Amino acid sequence: MPVQVTGEVVSAKRIGAYTAMTVTAPGVPELARPGHFLAVQVGGPASSMLLRRAFALYDMSPRGVYGGTVQFVFAVSGRGTAWLAERRSGDRLDVVGPLGRPFRLPAHPVSATLVGGGYGSAPLLPLARVLRERGCRVSFVLGAGSVDRLFGHLDAKRMADTLAVTTDDGSAGERGRVSDVLPAVLERTDSDVVYACGPMAMLRAVSDIAAERGLPSQVAVEESMACGIGVCMTCVLPVVGDDGQTRMVRSCVEGPVFRGDRVRWDAVGTVPPDAVGAITAPGAHR
Amino acid sequence: MTRVDMTTRLAGVAFPNPVFTASGCAAAGQELHAFFDVASIGGVVTKSIMLAPRSGRATPRMAETPSGMINSIGLQGPGIDAFLERDLAWLEAQGARAVVSIAGGSLEEYALLAQKLRGRAGIAMVEVNISCPNVEDRGQVFACDPTASSNVVDAVRRNTSSGVPVFAKLSPDVTDITTIARACVAAGADGLSVINTLLGMVIDTTTMRPVLGGVTGGLSGPAIRPVAVRCVWQVHAALPDVPILGMGGIRTGLDALEFLLAGASAVSVGTTVFGDPSAPVRVLRELEQALADRGIDRLSDVVGLAHRPPAARVPEDADPLGDELVPAAAAQEAAP
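So the protein lines, in turn, are chains A and B. With numbering that gives the first Met the number 0 applied, the first sequence covers 0 to 285. With numbering that gives the first Met the number 0 applied, the second sequence covers 0 to 335.
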C-alpha cells in the first residue's frame with residue numbers, strides 16, 4: 000500500500016545531465032522494491048501544475064542519518080522538473096509511494112542482463128544489488144545519446160560482472176545502440192533473463208531480442224501519467240493477459256514492469272481492434 | 000474548533016458530510032482507500048459505467064494545462080456486470096455511499112443500465128452522465144440538447160427504484176445551462192450535478208499536431224472553477240428547490256464553500272485527487288474549519304447564501320474573500 004508523506008530534501012546532486020535527489024519519506028523505503036516508483040508534487044501547494052511527476056526509485060534506505068530516505072533521478076524536461084531541480088536541502092516535498100509493481104526476481108541464482116537507456120538505468124542499480132544478494136550473475140548494458148546522458152555506469156562497473164556501454168555519438172563506449180551489442184552480451188554471459196528500463200523504442204528492441212532467444216524479459220515502461228495511483232486511466236498500453244486477450248492496462252498499477260513478450264509494442268499509442276472493449280462505433284465520449 | 004453540523008441532504012437522502020469524489024477521478028474508490036477511508040466522505044461517485052466493457056481512446060489521453068488538465072480517456076471501464084459484481088460490492092462492504100455514474104450511447108442503453116442497478120443494495124444515488132454522443136443522432140451530445148437530455152433522464156428515472164435519487168450531470172458547453180437544467184428536472188431528475196468538463200484542445204507546437212489521441216478532450220481543474228461557480232449560481236437561481244451537487248476545480252475547503260454559497264448542497268472533488276489523493280478528506284476538514292471560522296454551525300445555512308442580500312452575510316471579523324486580497328480601497332470608499 001502506498002503512503003502520502005511530506006518529506007524533506009536531503010540532497011540534490013548533479014550527475015551529468017541529470018539530478019539525483021534524496022528525500023526523507025518515512026514509511027516509503029521500508030515498502031519499496033526495485034522497479035517501484037514515486038509520484039512527487041511539483042510547484043508548491045498553490046502551484047498551477049496539478050499533476051505529480053513520476054520517477055523510478057534509484058535507492059531506498061529504511062535506516063540512515065536522516066531516517067528513511069528514497070532517491071530518484073530525473074532530467075529537466077519541463078516546468079515541473081525545472082522547479083524540482085531547484086529544490087535544496089531542507090525544502091519540503093510531498094511524495095506518494097512506493098507505487099506500481101516491482102521487478103519479479105528469479106527464484107534461483109541465474110545469469111541476468113540489465114539493459115538501461117539514459118536515466119532508465121536508475122531502477123536497475125537497486126535491482127542489481129538484490130540480484131547479487133541472491134547469487135545471480137549480473138551483466139549491464141547501458142546506453143545513451145552521449146556520455147553526459149549516461150547514468151549509473153560507474154555504479155554498474157563496481158557491481159556488475161560485465162558492463163557494456165554504447166552512445167549514439169560514440170562519446171563513451173561503442174558507437175551505436177544497446178540493441179546493437181545486446182545479442183553478443185547475452186551470448187557471452189549465457190544469460191537466463193533480461194531486465195530493461197528506458198525509452199519505449201529501446202524496450203521494444205530489447206524485448207524482441209530476448210524473445211528471439213527464448214529468454215524471459217521484464218521491462219519497466221515510462222508512460223505519461225496524471226495520478227500514478229490507478230484512478231485516472233491515462234497511462235494505459237495494450238498488454239496481452241494470461242488468457243491471451245489484449246487489454247488496455249494501467250502502467251501505474253499493473254506496471255510499470257511488464258513481461259516484454261506481453262506488451263503489444265506495435266500497437267502502443269493505439270487501442271488495437273482486438274482489445275477487450277475496443278471502440279468499434281464512432282463516438283467521442285470524453 | 001467548534002463542531003459544525005456537516006450533514007447534508009440531496010433529494011431526501013441524508014449524507015454525513017457534503018464532500019464527494021467526482022466521476023472519472025476516483026475509479027470506484029478502491030485505489031483511494033489506501034489514502035483515506037472511503038466511508039468517511041459524503042459519497043464515492045464512480046467513474047461512468049457503460050453496458051459493455053470498454054477500452055477507451057488511444058493515448059496520449061492527457062495533457063497538463065495551466066491550473067488544470069485536459070483528457071480524452073473515452074470512458075474505459077469493465078462494463079456494468081463486472082462493476083456490480085466487483086466494484087459496487089466492494090463499496091458496499093466498506094460502508095461507503097456509492098453514487099453510481101452511468102453513461103450510454105442510446106436511450107435504450109441508459110434504460111438498461113438503470114434496470115441493472117435497480118434493487119441493488121449500496122446505491123445512494125444515480126448520476127447520469129449525459130455528456131455522451133448519441134449514436135442514434137449523428138453523435139450529437141445528449142447534454143447539449145434539452146429534448147435529448149430529458150429523454151435520457153426520463154428513461155433512467157422510470158427504471159430506477161423510487162428511493163434512489165437520479166441526478167443529471169450538466170455540461171457547461173451550452174448556450175443556456177438553465178434550459179437544460181429545467182428540461183432534466185421536468186423529465187424527473189431529482190437533482191443536478193454541475194458541471195462536467197469543458198471541451199478543449201491542446202496542440203503540440205513541436206510536432207505541430209493535436210496532443211490528445213482523441214484530438215479534443217475535457218478540460219478540468221481549478222482553471223474551470225469560475226465557470227462552474229457561475230453555472231451553479233445560474234441553476235440555483237432558476238431552480239432554487241432542486242438540489243445541486245457542485246463540482247469543477249475544487250482544491251480547498253474555501254473552494255468548496257464557494258460552491259455551497261452559489262447554491263450547491265454538496266460538492267465533488269475531482270481533478271485535484273490526481274495530484275493529492277487524500278484531497279477529499281482535506282477539503283472536508285478545511286471546509287468545516289472555514290464554516291467554524293465564520294461562526295456558522297450548520298452547513299445547510301450557507302447553501303445558496305450568496306444569492307441573499309449582503310446585509311445578512313458574515314460576521315464583521317471574518318474575511319469574506321479568505322485571502323489577502325481584501326479590497327481596502329473599496330472599503331475606504333464605502334466609509335461615510
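Just so it is clear, CB atoms sit at the ideal spot from N, CA and C, and this is done for glycine as well. Note that this is a predicted model, so its numbers are computed, not measured.
- Name the residue from B/Tyr109, B/Lys115, B/Glu126 whose alpha carbon lies nearest to the alpha carbon of B/Val134. Taking the first residue of the second sequence as position 1, residue 134 of chain B is located at position 135. Closest by alpha carbon: B/Tyr109.
- Query: So with Cβ pairs under 7 Å, would you call A/Thr233 a contact of chain B?
  - Reply: As a working note, residue 233 of chain A is residue 234 in the first sequence. It does: the Cβ of A/Thr233 has a partner Cβ on chain B nearer than 7 Å.
- Express the C-alpha separation of A/Gly79 and A/Ser47 in angstroms, rounding to a whole number. Position 48 of the first sequence, counted from the first residue, corresponds to residue 47 of chain A. Position 80 of the first sequence, counted from the first residue, corresponds to residue 79 of chain A. For A/Ser47 and A/Gly79, the distance between alpha carbons rounds to 10 Å.
- So which residues on chain A does B/Val98 lean against when the C-beta distance must stay under 9 Å? Sequence index remark: in the second sequence, residue 98 of chain B carries index 99 (1-based). Residues of chain A passing the Cβ test: none, with the nearest at roughly 16 Å.
- Task: Quick one: using the 10 Å Cβ neighbour count with 16 as the cut-off for buried, is B/Gln331 buried or exposed?
- Result: Sequence index remark: in the second sequence, residue 331 of chain B carries index 332 (1-based). Here B/Gln331 scores only 46 on pLDDT, less than 50, and its place in the model should not be relied on; the value that follows carries that caveat. Label assigned to B/Gln331: exposed.
- Excluding five sequence neighbours on each side, which residues of the same chain lie with their C-beta closer than 7 Å to the C-beta of A/Val140? Translated into the one-based positions of the first sequence, residue 140 of chain A becomes position 141. Result list for A/Val140: Thr112, Val114, Ala163, Val177, Val180, Leu181, Val184, in chain order.
- Query: Quick check: the segment 246-253 of chain B against the segment 282-291 of chain B, are there 3 or more CB pairs under 8 Å?
  - Reply: yes
- Query: Taking one C-beta from the segment 119-136 of chain B and one from the segment 90-107 of chain B each time, how about it: are there three or more such pairs within less than 8 Å?
  - Reply: yes
- Using a cut-off of 7 Å between C-beta atoms, extract the partners of A/Pro1 located in chain B. Locating residue 1 of chain A in the first sequence gives position 2, where the first residue counts as 1. Under the 7 Å cutoff, chain B gives Ala33.
- A/Glu7 bridges to which residues according to DSSP? By 1-based counting over the first sequence, the position of residue 7 of chain A is 8. Answer is A/Arg91.
- Item | Inter-residue Cα distance where the pair is B/Phe273 and A/Phe73 | Walking along the second sequence from the start, residue 273 of chain B turns up at place 274. Walking along the first sequence from the start, residue 73 of chain A turns up at place 74. The straight-line gap from Cα to Cα measures roughly 21 Å.
- Beta carbon proximity, A/Val9 to chain B, threshold 7 Å: One-based indexing of the first sequence puts residue 9 of chain A at position 10. It does not: the Cβ of A/Val9 has no partner Cβ on chain B nearer than 7 Å.
- Item | Cutoff 7 Å; reference B/Pro242; Cβ partners in own chain excluding five residues on either side | Position 243 of the second sequence, counted from the start, is the residue given in the question as residue 242 of chain B. Cβ neighbours of B/Pro242 beyond the five flanking positions: Leu9, Ala10, Gly190, Ser264.
- Go ahead and label B/Thr204 buried or exposed: buried means 16 or more other beta carbons lie within 10 angstroms of its beta carbon, across all protein chains shown. Here residue 204 of chain B corresponds to residue number 205 of the second sequence, with the count starting at 1. Per the 10 Å Cβ criterion, exposed.
- Query: Taking C-beta to C-beta, are A/Ala274 and A/Thr233 nearer than 7 Å?
  - Reply: The sequence position of residue 274 of chain A within the first sequence is 275, counting from 1. The sequence position of residue 233 of chain A within the first sequence is 234, counting from 1. Not in contact: A/Ala274 and A/Thr233 (Cβ atoms no closer than 7 Å).
- With B/Val18 and B/Ala255 assumed to form a contact (beta carbons below 8 Å), what rounded beta-carbon distance in angstroms separates them? Here residue 18 of chain B refers to the residue found at position 19 of the second sequence. Here residue 255 of chain B refers to the residue found at position 256 of the second sequence. B/Val18 to B/Ala255, Cβ: 7 Å. Contact.
- Evaluate contact between the segment 184-198 of chain B and the segment 150-167 of chain B, counting only Cβ atoms and requiring at least three cross-stretch pairs below 8 Å. yes
- Cβ-based neighbour list, A/Arg131, same chain, cut-off 7 Å, excluding 5 preceding and 5 following: For the purposes of this step, residue 131 of chain A is taken as the residue at position 132 of the first sequence. So the qualifying residues of the chain are Val137, Met158.
- Expressed to the nearest angstrom, what Euclidean distance is found between the alpha-carbon atoms of A/Arg133 and A/Asp242? For the purposes of this step, residue 133 of chain A is identified with residue 134 of the first sequence, where counting begins at 1. For the purposes of this step, residue 242 of chain A is identified with residue 243 of the first sequence, where counting begins at 1. C-alpha separation (whole angstroms): 31 Å.
- Query: Residue range of the beta strand (DSSP E) that A/Arg136 falls in?
  - Reply: Counted from its first residue, the first sequence places residue 136 of chain A at position 137. Start and end: 136-143.
- Message: If we define contact as Cβ-Cβ less than 7 Å, is B/Phe273 a contact residue for chain A?
- Response: Counting from 1 along the second sequence, the entry for residue 273 of chain B is found at position 274. Yes, because at least one Cβ of chain A sits closer than 7 Å to the Cβ of B/Phe273.
- Query: In chain B, what lies closer than 7 Å to A/Ile14 by C-beta?
  - Reply: Translated into the one-based positions of the first sequence, residue 14 of chain A becomes position 15. Result: empty, since nearest Cβ-Cβ is about 26 Å, beyond 7 Å.
- Message: Is there a C-beta anywhere in chain A that falls below 7 Å from the one on B/Pro65?
- Response: Along the second sequence, read from residue 1 onward, the residue named residue 65 of chain B stands at position 66. So, interface residue.
- Message: Looking at the strands, I want to know which residues DSSP matches up with A/Gly116.
- Response: For the purposes of this step, residue 116 of chain A is taken as the residue at position 117 of the first sequence. DSSP lists A/Gly142 as partners of A/Gly116.
- Message: Taking the alpha carbon of A/Cys135 as the reference point, which residue from A/Ala127, A/Val129, A/Leu126, A/Pro108 has its own alpha carbon closest?
- Response: On the first sequence, position 136 is the one that residue 135 of chain A refers to. Ranking the options by Cα distance to A/Cys135, first place goes to A/Pro108.
- Message: Distance check for A/Cys196 and A/Gly119, CA to CA, integer angstroms please.
- Response: Here residue 119 of chain A refers to the residue found at position 120 of the first sequence. Here residue 196 of chain A refers to the residue found at position 197 of the first sequence. If I take the Cα positions, the gap works out to 5 Å.
- Message: Check this for me: beta carbons of A/Val193 and A/Leu214, under 7 Å apart or not?
- Response: Residue 193 of chain A sits at position 194 when you count from the first residue of the first sequence. Residue 214 of chain A sits at position 215 when you count from the first residue of the first sequence. Yes, Cβ-Cβ distance for A/Val193 and A/Leu214 is below 7 Å.
- Message: If you reduce the DSSP assignment to three classes, tell me which class B/Gln114 lands in.
- Response: Here the question's residue 114 of chain B lines up with position 115 in the second sequence. B/Gln114 falls in the helix class under three-state DSSP.
- Query: Which residue from B/Val210, B/Glu84, B/Lys46, B/Thr215 puts its Cα closest to that of B/Leu74?
  - Reply: Locating residue 74 of chain B in the second sequence gives position 75, counting from the first residue. For B/Leu74, the nearest C-alpha among the options comes from B/Lys46.
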